Each structure stands twice: as structure tokens, then as C-alpha cells.
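Notes for the one structure printed next.
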Amino acid sequence: MPIEDRWANWFSWEDRAEIRLISEGEQVLDFSVQYVARIEGRWYPMVRFDTAHGHAHMDISRPDGTQETVPLPSNLDYADLFDMAVEDIHLRWRSYRERYVRWRG
């Protein structure tokens, strides 16, 4: 039977990763890893890795509300892609925040 887990990894009081994982045994069935940042008192999505729409991809959010979708490697299974997403956000959250603020002008 599939199990759904949700948790947050806080990087600072204004930066966190929101993580959702659905697994059955060792198999990852679905996931979402999203980095959100509080800017001027509001929370904004910066980037999200997920398996919505039946394929793994990364959505890059812009301040104007648009998103750029980047496919993730199809030769990796969801467990590997989940690990990659968590590591990417852990390593790059500062640069994602800086880019978003720069785009805001």
C-alpha cells in the first residue's frame, strides 16, 4: 500500500523546501520538491521538481507568474530523481532566491 509523507526542510526563517513523497516499499511512485522563499512578507515559489502530468520535470517560477518547464532525465527512476531534486535545492537555494529577486527588478 502506498505511503505519503510530507515535510519541510528549513534553510532560514525565510527559505524552505516543501517535500512530498509517495512510495511503496523502496519504490518512489510520485514526488514534489519545491523551494519557496519569503520576500517582503509573502511566500513565493522559486523552483519545483515534481512528477505531475506523468513525467518528471522542473518548473522555474518567475515574478510575473509565468513558469519555465525543464524535463528531467528520463533514464533515471523516480527515486534517483527525487534524491537529485532534494540535493539540487539544498545546494542552490541561495542562487534561486537571488535570481528571482533580480528578475523582480
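Residue 221 is where the sequence shown starts when you use my numbering, and the numbers rise one by one after that. Note that CB positions come from ideal geometry on N, CA and C, so glycine has one too. Here the structure is a predicted model, which is why all the values come from computation and not from measurement.
How do the region 304-313 and the region 244-262 stand: do at least 3 beta-carbon pairs fall below 8 Å, yes or no?
Cβ pair count under 8 Å is three or more, so yes.
Would you list the one or two residues that DSSP bridges to ALA257?
Translated into positions along the sequence shown, residue 257 becomes position 37. Answer is ASP235, TYR264, bridged to ALA257.
Tell me whether ASP225 is buried or exposed, calling it buried when 16 or more other Cβ atoms sit within 10 Å of its Cβ.
In the sequence shown, counting from the first residue as 1, residue 225 sits at position 5. It counts as exposed.
Would you give the residue range spanned by the beta strand (DSSP E) that GLU318 belongs to?
If you number the sequence shown from 1, residue 318 lands on position 98. GLU318 -> not in any beta strand (DSSP E); alpha helix (DSSP H) instead, spanning 298-324.
Which class does ALA228 belong to by DSSP, given the choice of helix, strand or coil?
Locating residue 228 in the sequence shown gives position 8, where the first residue counts as 1. Three-state DSSP puts ALA228 in a strand.
Quick one: what's ARG240 bridged to in DSSP?
To locate residue 240, count along the sequence shown from 1; it is residue 20. In the DSSP output, where bridge partners are listed per residue, ARG240 has ARG226, SER252.
Would you report the Cα separation of LEU311 and MET221, rounded to the nearest angstrom?
Residue mapping note: residue 311 aligns to position 91 of the sequence shown, counting from 1. Residue mapping note: residue 221 aligns to position 1 of the sequence shown, counting from 1. So the alpha carbons of these two residues sit roughly 33 Å apart.
Note down the Cα distance separating TRP326 from ILE223, rounded to an integer number of angstroms.
Outside the shown range of the chain (221 to 325) lies residue 326, about which nothing can therefore be said.
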